[in-house]
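Under my numbering, the first residue of the sequence shown carries the number 745, and numbering increases by one thereafter.
Note that CB positions come from ideal geometry on N, CA and C, so glycine has one too.
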Amino acid sequence: MPENTSTLIGESIWIKGHLQGDEDLVVRGRVQGTVNLTKTLVVDESGGLRADINVRNAIIRGAVIGNITATESVELNEEARVVGDISTPRLI
């Protein structure tokens, strides 16, 4: 399998439930529930999560309502909107 695999949730997709995986995830749509990844979560400007998040790295450009726990880093871009607690050793 390729080393740089990722999954994309498109702008017109709405998911409710528990997401778990071992690859990068890019969210341009909506997710409600929980997200557990061993890799990186990217929430694009059009993306929105109402979820508790446990990941290695998080890059937030969109909206997140919920707690973010990252084992390596969380990057908040200028457009990011977060309501919740952030737990990480490195905040960018």
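Asked                                                                                                   : Found
4 or more residues per run - each alpha helix (DSSP H) lying fully within the stretch 768 to 794        : none
Pick from Gln776, Thr832 and Leu793 that is closest to alanine 824, judged by C-alpha positions         : Leu793
Residue(s) in a DSSP beta bridge with glycine 761                                                       : Gly777
Burial state of arginine 834 (16 or more Cβ within 10 Å)                                                : exposed
Rounded C-alpha distance that separates arginine 774 from glycine 810                                   : 13 angstroms
Beta-carbon separation (whole angstroms), arginine 723 vs leucine 769, contact threshold 8 angstroms    : Outside the modelled stretch of the chain, which goes from 745 to 836, sits residue 723, for which no answer is possible.
Minimum C-alpha distance to valine 826 - residue among Thr832, Ser817 and Ile812                        : Ile812
Cβ shell of asparagine 798 (< 6 angstroms), same chain only, five flanking positions each side left out : Asn780 and Thr813
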